[in-house]
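What follows is one structure encoded as structure tokens, with my remarks underneath.
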Amino acid sequence: MDPNPRIQASSSSLRLRSGKTVDLVVLAGDGVTNAPDTGQRPAHGPADLHVCPKCRCDLVQPVDWEPADGNRWQLELACPNCAWRLRDVFDTAVIDDFQDEIERGAQVLLESLRSLTAANMDDQFERFIEAIRADQILPCDF
0 MDPNPRIQAS SSSLRLRSGK TVDLVVLAGD GVTNAPDTGQ RPAHGPADLH VCPKCRCDLV
60 QPVDWEPADG NRWQLELACP NCAWRLRDVF DTAVIDDFQD EIERGAQVLL ESLRSLTAAN
120 MDDQFERFIE AIRADQILPC DF
């Protein structure tokens, strides 16, 4: 096995019904193995396309999509945890539920980012105050 695997990244954007755009980055390389598509469709219900049928990770994401026939879309799904992949056709109603789940996940990420940013700012503020009290901040620092 190559000790320095070549990693390739591809990106695409997914526009959600809310108007938000999610940028997706897919990494693949020599060290990544994709599970073969057996042709068998996993038992996905209308609201669980985000759950991997192989490892139960709830972070399955769309890698590629294109219109199929009528109100159906062909999606390629990938699990970032176990590298499971599937290309299949889904009804618009199922895709709408999947988009809702993606939007919910994006909201959770944004809330986590805001919380982490606030905690970091509080920490920096406290360190700055300590530095002022210890006379470690001088006029020439500004």
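Going by numbering that gives the first Met the number 0, the first residue of the sequence shown is number 0, and it counts up by one from there. Beta carbons are placed, not taken as given, at the ideal position from N, Cα and C, and that holds for glycine. Everything numeric in this text was worked out from a predicted model, so none of it was measured.
Can you give me the Cβ contacts of V59 inside the same chain, cut-off strictly under 6 Å, excluding the 5 residues immediately before and after it?
Within the sequence shown, the letter at position 60 stands for residue 59. Once the five neighbours on either side are set aside, the close Cβ partners of V59 are H49, C51, L76, C78.
Three or more C-beta pairs below 8 Å linking the region 89-97 and the region 59-75:
yes
Sort F124, E110, R86, R55 by Cα distance to E65 and report the nearest one.
Your numbering for residue 65 matches position 66 in the sequence shown. It is R86 whose Cα lies nearest to the Cα of E65.
Using the rule of at least 16 other Cβ atoms within 10 Å of the residue's Cβ for burial, across every protein chain shown, is L74 buried or exposed?
Along the sequence shown, read from residue 1 onward, the residue named residue 74 stands at position 75. Buried, since its Cβ has 16 or more Cβ neighbours within 10 Å.
Under the three-state reduction of DSSP, which class applies to P79: helix, strand or coil?
Walking along the sequence shown from the start, residue 79 turns up at place 80. If DSSP states are grouped into helix, strand and coil, P79 belongs with coil.
Where the beta strand (DSSP E) through D96 begins and ends
As a first step, residue 96 must be located in the sequence shown, where it is residue number 97. No beta strand (DSSP E) holds D96; the alpha helix (DSSP H) holding it covers 91-132.
Where does P138 land, buried or exposed, given buried means 16+ other C-beta within 10 angstroms?
Here residue 138 refers to the residue found at position 139 of the sequence shown. Answer is exposed; the Cβ neighbour count stays below 16.
Comparing alpha-carbon positions, which option in P61, R126, Q123 lies nearest E102?
In the sequence shown, residue 102 corresponds to position 103, counting from 1. Ranked by Cα distance from E102, the options P61, R126, Q123 are led by P61.
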